[in-house]
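Asker: Protein chains in written order, with the numbering used here: chain D, 806 to 918; chain S, -7 to 105.
Idealized CB from N, CA, C, for every residue including glycine.
Predicted, not measured: the structure shown is a model, and the values here were computed from it.
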Amino acid sequence: QKEVEQDPGPLSVPEGAIVSLNCTYSNSAFQYFMWYRQYSRKGPELLMYTYSSGNKEDGRFTAQVDKSSKYISLFIRDSQPSDSATYLCAMTGSNFGNEKLTFGTGTRLTIIP
Amino acid sequence: DAGVTQSPTHLIKTRGQQVTLRCSPKSGHDTVSWYQQALGQGPQFIFQYYEEEERQRGNFPDRFSGHQFPNYSSELNVNALLLGDSALYLCASSFTPTNEKLFFGSGTQLSVL
Chain D
806 QKEVEQDPGP LSVPEGAIVS LNCTYSNSAF QYFMWYRQYS RKGPELLMYT YSSGNKEDGR
866 FTAQVDKSSK YISLFIRDSQ PSDSATYLCA MTGSNFGNEK LTFGTGTRLT IIP
Chain S
-7 DAGVTQSPTH LIKTRGQQVT LRCSPKSGHD TVSWYQQALG QGPQFIFQYY EEEERQRGNF
53 PDRFSGHQFP NYSSELNVNA LLLGDSALYL CASSFTPTNE KLFFGSGTQL SVL
């Protein structure tokens, strides 16, 4: 069993819809949680970074962490065609926030105009 | 401001050969991490360099080695290439290992025939 599980999709939604992306994990040592966006033929780009359980909002993006359920989510409001990309969750149990990240397999998202 | 730059962008090698990939971190960054991303998978952590030393290492064999230079640039070397080494190799940099913002380059696509 992988440490981080992520539905690979693909996921297609109409423009303006709310998108929900999720990951589950098994390692209770994970304490920093991230969401990255990766466009085709590009490297991942950090979208959200959270520590411990709770919500964090940044513009149209909201990240949720539920450590008791080992479940993290990313919500995208008012989705735009430019949001079409692969979304990767990542996490680490390191005392330092960017060391030795463990990634999910990524969810490919398409926003239909 | 140049971001993380990697060279070459594409590379074709045959089994048993050796390869060297190069990375220049984002200006002001002193920490470099390397990740391997197989097709349809999330990136896997190879190792991280800081102050010219390997700080952390993932589950990769000794065929994978690296180096960091005084100007913070880095190289990834892979010896005795296997077909399974075919992947996108991503370099990421940050301002110290403790900073949560990790910036990725666009990667080097390595094909082993």
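Answer yes or no: does any C-beta atom of chain S fall closer than 8 Å to that of K872 (chain D)?
Answerer: Mapped onto the first sequence, residue 872 (chain D) falls at position 67. So, not an interface residue.
Asker: Going by DSSP, name the residue or residues bridged to G50 (chain S).
Answerer: On the second sequence, position 58 is the one that residue 50 (chain S) refers to. Beta-bridge pairing links G50 (chain S) to no other residue.
Asker: On the DSSP bridge assignment, give the partners of Y856 (chain D) in chain order.
Answerer: Reading the first sequence from its first residue, position 51 is the one you call residue 856 (chain D). DSSP output for Y856 (chain D) lists D:Y837 as bridge partner(s).
Asker: Flag P35 (chain S) as yes if its beta-carbon sits less than 8 Å from any beta-carbon of chain D, otherwise no.
Answerer: Reading the second sequence from its first residue, position 43 is the one you call residue 35 (chain S). It does: the Cβ of P35 (chain S) has a partner Cβ on chain D nearer than 8 Å.
Asker: On a CA-only basis, which of S:G(-5), S:R14, S:G8 and S:Q10 is nearest T1 (chain S)? Give me that one, please.
Answerer: Taking the first residue of the second sequence as position 1, residue 1 (chain S) is located at position 9. Comparing Cα-Cα distances from T1 (chain S) to each of S:G(-5), S:R14, S:G8 and S:Q10, the minimum goes to S:R14.
Asker: Tell me which residues of the segment 67 to 98 of chain S have at least one Cβ-Cβ distance to chain D shorter than 9 Å, keeping chain order.
Answerer: Those would be L80, L82, C83, A84, S86, T88, P89, T90, N91, E92, K93, L94, F95, F96, G97 and S98, in chain order.
Asker: Going straight from the alpha carbon of T(-3) (chain S) to that of G848 (chain D), what length do you get?
Answerer: For this step, residue -3 (chain S) is matched to residue 5 along the second sequence. For this step, residue 848 (chain D) is matched to residue 43 along the first sequence. Spanning the two alpha carbons is a distance of roughly 11 Å.
Asker: Check the DSSP bridge columns for A822 (chain D) and list the partner residues they point to.
Answerer: Start at 1 with the first residue of the first sequence, and residue 822 (chain D) comes out as number 17. Beta-bridge pairing links A822 (chain D) to no other residue.
Asker: Check whether the Cβ atoms of K905 (chain D) and Q48 (chain S) lie closer than 8 Å to each other.
Answerer: Here residue 905 (chain D) is taken as the residue at index 100 of the first sequence, counted from 1. Here residue 48 (chain S) is taken as the residue at index 56 of the second sequence, counted from 1. Contact flag set, yes.
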